Amino acid sequence: MSANSQPENTSPSHSWEIDESLDLLNSDPNNGLTSQQAQERLGKYGPNELEEKETRSPWEIFLDQFKNIMLLMLIAVAFISGFLDLIAWQAGEFKPGEVPFKDTIAILAIVILNGALGYVQETRAEKALAALKKLSSPLVRVIRNSTTMEIAAPEVVPGDIMLLEAGMQIAADGRLISQANLQVRESALTGEAEAVNKQANLILPEETSLGDRLNLVYQGTEVVQGRGKVLVTNTGMQTELGKIATMLQSVANEPTPLQQRMTQLGNILVTGSLILVAFVVIGGVIQARGLSNIRELLEVSLSMAVAVVPEGLPAVITVTLALGTQRMVRHHALIRKLPAVETLGSVTTICSDKTGTLTQNKMVVQSMYANNHIFAVTGEGYTPTGEFYLNNQTIAIEDYPEIPAILIAAAICNDSVLQKQPKEWTIIGDPTEGALVTVAAKAGIEQDQWQSKLPRISEIPFNSQRKRMSVICQIEQVATPEPSLTDLDPLIANLTASQPYLMFTKGSPELTLGNCTHIHLGNEFAPLTDSQRQQILEENNRMAQKGLRVLGFAYKPFTDTPPSAPDETWEQEMIWLGLIAMQDAPRPEVRAAVQESRTAGIRPIMITGDHQLTARAIAVDLGIAGETDRVLTGQELQHMSDQELQQQVDLVSIYARVAPEHKLRIVQALQQRGKFVAMTGDGVNDAPALKQADIGIAMGITGTDVSKEASDMILLDDNFATIVAATKEGRVVYTNIRRFIKYILGSNIGEVLTIASAPLLGLGGVPLTPLQILWMNLVTDGLPALALAVEPPEADVMKRPPFSPRESIFARGLGAYMVRIGIIFAIITIILMRWAYDHTQATVNPDLDPERWKTMVFTSLCIAQMGHAIAIRSNNKLTIEMNPFSNIFVLVAVVVTTILQLMLIYIPPIRAFFGTHFLPLPELAICFGFSSLMFVWIELEKVFFRLTGKKSV
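Numbering (UniProt numbering), first residue to last: 1 to 953.
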C-alpha cells in the first residue's frame, strides 16, 4: 500500500460498529498499538500531515516576468541600441559631455522595474494550505504499549487510540469508542456554529452527511467540553481536511480578465509595431536604392519599437488598482490580490451565504402563540426594547398572563447572557437563546433576577434525538421588591407553593408537545385535547413556512427532589405553554443592495445550510427569488450529475441544506454556463469554492484563516451590501483603466506614425530618441494617466449590465478611438514637423541649432497630450460642461507635466542629458498652437456624436 493510503473497507467508518472498527484496524481500546506496529504503519500510510504540491521557485517566477512579449521587444531594443552606441563611441561620434549608452540603460531600467512589479504581484504566496496546516494539533495524547503518552501529530497512524479532552485540537479523523459529555466545535469544517454533541454508540446510515456523523471526530476541529476515546481511522491527506487540501490544490489559478487583456494588448502592439518597422525599413531601402541609410533606418526602428510599448502602463495600472483597494477599504472590503479590484467590475453572479451576510446573524423573536392567541413582537437585534401586539393593537403584558409564563420559561431554560456594551447590546452564547433572553427582557422579565428566584439545580441537556433541553429549578421563597411569581403568573405560584421544584423545557414543538398532557390557559391549566394539539401543530407549520425558527415551551412542577443526573423520563406529562417563533432578520440595507445589483445586471443567489423554508422566506423578502421559484436542496444536488446541475443553475436562485463542499460544484456549473462568479464563504470547507470562483469573498468577522487565505477579498463587516459597493468600485476602476489606456495608446500610435514618416519624408535623422520617448511614455503620459485613474464614477455605472469579462480591451469602439486619435495626432504633428524642418533649416542664426525641429516635434507631442487628458475625462460631455474641480488631479498633472517639459528645453544640464535644443518663444508658441488642435478635435468629435445620436467610447 502506498504512503497515505488508508485502511480499506467497503463502508464508511460512521456505519461501523465499535468492535468492527477495532477489528478492521487491528487495535486494542485499552492497550493501543505497540511501538513496532506504529512504526510499520507510519511507513505504510505515511506521516499525518498535509502534503503540498511542487510550486515554482521565486527565481522561476522572476524569470517568467520577462516572457512578456513587450518586455522581450524592449530587451532586444536595448541591446541593439547599445550595439549602435558602441559603434558610434568607437568612431568618436559622441559630442563632449554626451553620455553613451544612456538609451540602453534607461530601457533596461524600465524592463527590470516592470518585471519587479509583476514579480511582487505574483509572489503573494498561496497561504491557504499553510492555514490548513495550522489546524493540526502539535501534540497528541495516545495509548501505546498500554501506556498513555504524548506524540507529535505527524506520528499518529490509523489504529492509534487517541484521547480527547476539552480545549484540544483534534489531530486526525477517527471513530469514537467512548465519550463523556463530549462536545466538538466543527464550524471550521461544516460551517455550523453550534458545538456538536458526540455519541459513540451510534451506527449511522452510509449516506449520513458530514455534519450529522455524531460518532466521528475530524482533524482540525476543537473539543469544547467533555472527554472521549477515539480510534484513528484516517490520517494525512485522507482526512476530511486532507480532502479539502487536495481540492484546494487542484483548483488552477486562472489569469484575471485584466491580465488576459494586457496579454492580448501586448501581442497586438508588438505585432503591429514589427509590421510597421518592416514597412519603414523596406520603404527606406527602396527609397535610397540600397543600404546606405541602414543605420538611420535602424535608429528609426528602435525609436518606433520604444514608442509602441506603453512602458508606464504597468505602473499606472498597479497604482490605479492600489488606489481602488484603498477606496474599497472605506466600504469595508479588503482586497488581498490587486487584479481582483478590476475583476469585481465583471461580476455577473453573486453567490452569497445567508447567515450574517444577508441577515444580521442575530435571531429576533417575531411572534408567540399561547392560549390560542398570536402575539407579534417588535424590536431589532438584541436591544431589549419593543412592543407586544395582538390583532395589530399594542397590549399590556399584565393583561395576558400566558405571556409572562412562556417568557419566564424562555429566560430560565437558557444558557446565554444578554450584555450591554458601549455601543450595542450583545449576546454571550447561542444566538437562538439570545433571542429568547432579549424578548423576555422586553417584557420586563430580567434573566438574572429570575435565575435568583429559580436557581437551576439540575438539567437534561439537549441532544439530537430528543431535540429539547430541560432545566430543573428550586423555588426560592424570599421577600423581594421585584415582581414575584405571584405577580406575573398566579397559576405557577399556586403550583409551586406545595411543589418546590419546577422544570422548564424548550425544543422541537412536535416532540415537546408529544410529551405534554395539559395546556396552560391564562391562570389555569386543563387537559390537552386532540383538537388543541392539531391547532398548535398547524400554527407551528404556518410559522415554519414563513421561514421562522419555532420552539415549543412547557413546564412541570415536582415535589420529589430530582436526582443529580435526571434523564428524559422526567420530561413526561408536562404542561404546554406555547410557541415562540424567531428569525435571523435580514440586514436593513441588503434589500436595496439586492435591487441595485439586479438593476446592474448582476444576479444574486443564496446558498445556505439552513432549512429550505427559512431560505425561501429570506430570499423572497429580499427580492432574491419569487414565491414560486424552486429551492434546490443539498440532497437533490448530491444526486445530480454535473451536466444536470449546469441545466439547473440558470433557473435556481436558492440553494438550501447545502454542505460547503457543494459550493465548489455550484461555482463550476455557473462558470461552465459562462457566468463570472463572486462566492462568499467562511469555513474551511468553503476554501476550494472561494479559490475556484472568479472572486472569492471571505468573511472578515466569522471567517476562518483558511477561507481568508483562499479568497481575493475579505468583507470586514460580513455584509452583502459591501459586495455590491465593491462591485461598483470595480466597474469604476475598469472604466478608468480603459480611459487611460486609450489616452496612452492614442498618443503612442501618433508617436509611431510620426517617427515612421520622418525617413519617408526625407528628413535628416530621427525626430525622437528612445530616451525622449521613454520620457513621454513615463512622465508626460504617466502623470495625467494616474490622474485619470481617480476620475469619479459616471451616473449610470450601476444602471447597466456588466461588460463581458471576455471582451477584448479594444471592444466597444476603444480600438477604433485609439487608431483614429493616433492618426489625427500624427497628422497634426507631421504637418508641424514638415514646417519646423523647413523653417529651422532656412533660419540662419549661429545661436540656434538647426536640429531644434526635433525638439519642436517632441514638445508638440507632449503638450498635445495635455489637451487630450483634459478632453478625455468624459466621453460625451464637453469640457466646458464639466466641473474642472471634480478631478483636481488632472489639472495638477497637466500643469506639473507642462512645467517639467519646459525644464527639458530651458535648463541646460537637463537639456544636454535629454538631447533637446533651446527654442525661441515664437517657436514654442507655435508648438502650443499646433498642440491645442488635438483638444479642439476631440471636443468637435463629441459635438458630432451628440448631433448624430451616437455615443462615443
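Quick reminder that beta carbons are idealized off the backbone N, C-alpha and C, glycines included.
Keep in mind that this is a model prediction, so the values were computed, not measured.
Looking only at its own chain, which residues have a Cβ that is under 6 Å from the Cβ of residue i, when we skip the five neighbours before and after it?
i           : result
residue 837 : 763, 853
residue 941 : none
residue 936 : none
residue 550 : 509, 540, 543, 544, 579, 581
residue 589 : 721
residue 165 : 227
For the beta strand (DSSP E) holding residue i, just list the boundary residues, first then last.
i           : result
residue 599 : Not the beta strand (DSSP E): residue 599 falls in the alpha helix (DSSP H), residues 590 to 599.
residue 181 : 173 to 185
residue 775 : Where residue 775 is concerned, there is no enclosing beta strand (DSSP E), although the alpha helix (DSSP H) it sits in stretches over 770 to 775.
residue 504 : 501 to 507
residue 456 : 456 to 460
residue 632 : 631 to 633
residue 604 : 603 to 607
residue 350 : 349 to 352
residue 904 : Not the beta strand (DSSP E): residue 904 falls in the alpha helix (DSSP H), residues 888 to 906.
residue 162 : 161 to 165
Please report the Cβ distance between residue i and residue j, rounded to the nearest whole angstrom; I am assuming they are in contact, meaning their Cβ atoms lie under 8 Å.
i           : j           : result
residue 687 : residue 248 : 5 Å
residue 291 : residue 300 : Going by Cβ atoms, the distance from residue 291 to residue 300 rounds to 14 Å, so no, they are not a contact pair.
residue 612 : residue 633 : 6 Å
residue 622 : residue 594 : 5 Å
residue 382 : residue 412 : So it is not a contact: roughly 18 Å between Cβ atoms.
residue 352 : residue 604 : 6 Å
residue 916 : residue 904 : 5 Å
residue 809 : residue 744 : Contact doesn't hold; Cβ gap of about 12 Å is too wide.
residue 348 : residue 602 : 6 Å
What residue range does the alpha helix (DSSP H) around residue i cover?
i           : result
residue 623 : Segment: none, residue 623 is in no alpha helix (DSSP H) and carries neither H nor E.
residue 649 : No alpha helix (DSSP H) holds residue 649; DSSP gives it neither H nor E.
residue 658 : Neither: residue 658 is in no alpha helix (DSSP H) and is coded neither H nor E.
residue 45  : 35 to 45
residue 947 : 921 to 948
residue 50  : Taken as a continuous stretch (DSSP letters only), residue 50 belongs to no alpha helix (DSSP H), as it is neither H nor E.
residue 81  : 69 to 90
residue 250 : 240 to 250
residue 868 : 852 to 871
residue 63  : 58 to 64
residue 452 : 447 to 453
residue 829 : 814 to 842
residue 691 : 687 to 692
residue 23  : 18 to 24
Who are the near neighbours of residue i in its chain, counting only those whose CB is closer than 7 Å to its CB and skipping five residues on each side?
i           : result
residue 673 : 646, 649, 650
residue 761 : 834
residue 931 : 860, 863, 864, 867
residue 773 : 303, 306, 307, 751
Which residues in the same chain as residue i place their Cβ atom closer than 8 Å to its Cβ, once the five residues preceding and following it in sequence are excluded?
i           : result
residue 402 : 370, 371, 373, 520, 521, 522, 577, 578
residue 479 : At residue 479, the pLDDT of 42 sits below 50, so the modelled position is not reliable; the number obtained from the coordinates is stated separately. Hits under 8 Å: none found.
residue 346 : 257, 676, 694, 730, 734, 802, 803, 804, 805
residue 267 : 69
residue 16  : 9, 24, 175, 203
residue 668 : 642, 692
residue 1   : The pLDDT assigned to residue 1 is 39, lower than 50, so where the model puts this residue is not dependable; a value taken from the coordinates is nonetheless given after this. Result list for residue 1: 44, 45, in chain order.
residue 548 : 366, 367, 581, 582, 583, 614, 617
Any idea which residues DSSP pairs residue i with across the strands?
i           : result
residue 584 : 363
residue 418 : 427
residue 808 : DSSP output for residue 808 lists no bridge partner at all.
residue 698 : 681, 714
residue 955 : Any question about residue 955 goes unanswered here, given that the chain covers just 1 to 953.
residue 468 : 507
residue 518 : 527, 575
residue 474 : 501
Using a Cβ-Cβ distance under 8 Å, would residue i count as near chain C?
i           : result
residue 414 : Within the model displayed, chain C is absent; a lone protein chain is all it includes.
Those runs of the alpha helix (DSSP H) which lie wholly inside the region 522 to 576 and span at least 4 residues = 530 to 545
ask   = In chain order, which continuous runs of the beta strand (DSSP E) of length 3 or greater are located wholly inside the region 192 to 237?
value = 222 to 234
Sequence ranges, beta strand (DSSP E) only - wholly within the region 712 to 797, length at least 3 = 713 to 715
task = Note down, one range per segment and in chain order, each alpha helix (DSSP H) of at least 4 residues found wholly within the region 267 to 310.
result = 294 to 308
inquiry  = If we require 4 or more residues per run, which alpha helix (DSSP H) segments fall completely within the region 318 to 403?
reply    = 340 to 343
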